[in-house]
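Start counting the sequence shown at 1; every next residue gets the next number (UniProt numbering). Cβ coordinates follow ideal geometry from the N, Cα and C atoms, glycine included.
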Amino acid sequence: MSTRERVAQRSAEMPARLRQLPAWLPAWARRKGAQQAAIVFGLFLAAWAFDAAFAVRHGFFDLRVYYGALNHWVDGNGALYDYLLPRTKYGFTYPPFAALTMLPMAYLGWHVAIGISMLLTVGAALAVIYWLVEPMARRNGWSPWFVLGVAAALVVAFEPMRETFLFGQVNAILLVLVAADVLFLVRYNRSVAGVGIGLATAIKLTPGIFIIYLIITGRIRAAVVASGTVMAATVFTGAVAPDESRVFWTDALWNTSRVGENSFVSNQSLNGVVHRWDPDQPSNLAWMALVLITLAVWAWRSRAAAKRGDEAMGLALTGIVGVLISPITWVHHLVWVLPAIILLVDRGTVKGLSKRRRNWLLGLAAFTYAVMCSRLVWAFNGGFDTFPGWVGSNAYVWLSLVLLVAVPLAPKPEPVGPPRPRAVDAGVDDLDRELADVTATVRVPSQDDRRLVQA
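If you want it as structure tokens, here you go:
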């Protein structure tokens, strides 16, 4: 048998789906797993090429601040909060408990510190993505690992995650602590529910919004555990590093000049919107009004999500509101928006949706993702003195607000067991009525009747 004949015979024995592939492909390349791996690999290459062309290299700037401040402190050159990165005005801005968790970094080489930061960020991001996409994959009969690979490749080009990686930031680590708590410990009412939120809040104060989430959704025990964890970490740090604790809580926390300019285009919070509207005289009243309205919408939707048991929705909504109401939300902080985008895809793939509804949800997810990969806001850096410039400079804020109201709740759980057909119900009702009529017409024999029959 010739080679051509053997190829033709092998092709005839293959399923129709595989016969559509070129005949010269080897058998292993025709397997579904190999095809999925090729798709994921191609997406990763495309994402890396995109980043190579458009990403800004930050040289692990924030990690340099952490590393320099810790070495400055450990070497006895001065207090932790006195350190400023050379030729900048930036120093350590987190609570002293964060410094304790990062302390091993002071005893490592710089490149080792970079490697550990990269591994922790990648591991945390993969964990959160998997937790969010696995239910969607299982529901639709997809391979969870393939869906994870596709999502992870797309996240490589997602500007907030890309910036977190290139700055050497801690956002992904905080996100995984909170997500583990909300999606697992709180959902299943574990006795330690709240610990992850408490640790994240002790490291950086902004995740404290999740303690309020626990309170408004009635998880009081978890809120107490989270608050207790924050207090325990803070008291422990005060005992170990009393001077640094005193400086942070009485001075460094309130010194906003250490953080950056509120009107800087990277500040994609409601406060940034107000400051870019009028950089010279920003209205604190307007900012507070926007914050209160946003909190009201968040509380309403979060309570509805909790009643339905939709903890992923609670994570997404609270992550969004946290970045919106924070005085400073740099672009890399917007990793907290990622769960909402994933949930849009999840809700857009639910069976039984109308085509219009499905297209709307998936289209919004794609549009939000594309804009937040594009670095659009940087096109208006310093150019927000006109109305179009102001609108463009706040693009990520507008998208966050849309997500806050547009991501739908999970579908209501279906009743256990097969439903009883309406026709059967009607037949049962008719039978019940007939039995009632028969019972009413039948006279139960009396004692006299029974004596007469016996006689």
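Where residue i falls: helix, strand or coil (DSSP)
i: TYR396; result: helix
i: PRO160; result: helix
i: VAL372; result: Looking at the sequence shown, residue 372 is not Val but Met. In the structure shown, MET372 sits in coil (DSSP, three-state: anything other than H, G, I, E or B).
i: GLU261; result: coil
i: HIS58; result: coil
i: ASP346; result: helix
i: ALA37; result: helix
i: PRO96; result: helix
i: PHE367; result: helix
i: ALA222; result: helix
i: PHE50; result: helix
i: LEU317; result: helix
i: THR329; result: coil
i: ARG301; result: helix
i: LEU108; result: coil
i: PHE384; result: coil
i: THR217; result: coil
i: GLY238; result: helix
i: PRO135; result: helix
i: SER354; result: coil
i: THR250; result: helix
i: LEU409; result: coil
i: ALA113; result: helix
i: ALA79; result: coil
i: LYS89; result: coil
Among the options, nearest to residue i - alpha-carbon criterion
i: ALA316; options: GLY352, THR329, PRO411 and VAL182; result: VAL182
i: ALA151; options: GLY309, ALA37, VAL56 and SER191; result: ALA37
i: GLN169; options: HIS332, VAL240 and SER374; result: HIS332
i: ARG190; options: ALA222, THR206, LEU175 and MET161; result: ALA222
i: ALA252; options: TYR213, ILE293, GLY78 and ASP82; result: ASP82
i: TRP244; options: ARG219, ALA69, LEU295 and LYS32; result: At residue 244 the sequence reads Glu, which differs from the Trp that was named. Checked all of ARG219, ALA69, LEU295 and LYS32; the closest Cα to GLU244 is ALA69.
i: ARG162; options: HIS58, ASN271 and HIS111; result: HIS58
i: VAL247; options: TRP277, GLN281, GLY78 and ALA34; result: GLY78
i: GLU261; options: THR250, TRP249 and ARG276; result: ARG276
i: THR250; options: PHE210, TYR213, THR217 and THR93; result: THR93
i: ARG265; options: VAL391, PRO95, LYS412 and MET313; result: According to the sequence as given, residue 265 is Val; it is not Arg. The option with the nearest alpha carbon to VAL265 is VAL391.
i: ALA305; options: LEU100, PHE158, TRP378 and VAL407; result: VAL407
i: TYR369; options: MET136, ALA395 and GLY272; result: ALA395
i: VAL40; options: LEU148, ARG64 and ALA98; result: LEU148
Cut-off 7 Å between Cβ atoms - residues of its own chain near residue i, not counting five sequence neighbours on either side
i: ASN140; result: THR349
i: ALA365; result: ILE341, LEU344, VAL345 and GLY348
i: VAL48; result: In the sequence under discussion, the amino acid at residue 48 is Trp, which differs from the Val named in the question. Excluding residues within five positions, the ones whose Cβ falls inside 7 Å are VAL156.
i: ASN71; result: ALA106
i: LEU175; result: ALA124, VAL128, VAL335 and TRP336
i: ILE215; result: ALA223
i: VAL405; result: VAL297
i: LEU431; result: For LEU431, the predicted model reports a pLDDT of 47, less than 50, meaning its position is unreliable; a value from the coordinates is still stated below. Counting only Cβ-Cβ distances below 7 Å, and skipping sequence neighbours, we find nothing.
i: SER302; result: TYR213, ILE216, THR217, GLY314, LEU317 and THR318
Neighbourhood of residue i by C-beta, 6 Å cutoff - its chain only, sequence neighbours within 5 removed
i: GLY389; result: PHE380 and GLY383
i: PHE61; result: PHE167
i: LEU263; result: Just to set this straight, residue 263 is Ser in the shown sequence, not Leu. Within the same chain, SER263 has close Cβ partners HIS275, ARG276 and PRO279.
Cut-off 8 Å between Cβ atoms - residues of its own chain near residue i, not counting five sequence neighbours on either side
i: LEU84; result: TYR90 and GLY91
i: LEU270; result: TRP287, LEU290, VAL291, THR294, LEU324, ILE325 and VAL397
i: MET102; result: TYR66 and LEU70
i: TYR188; result: none
i: LEU185; result: VAL192, ALA193, GLY194, VAL195, GLY196 and ALA222
In chain order, each alpha helix (DSSP H) run of at least 4 residues that lies wholly inside the region 148-214
159-167, 171-180 and 195-203
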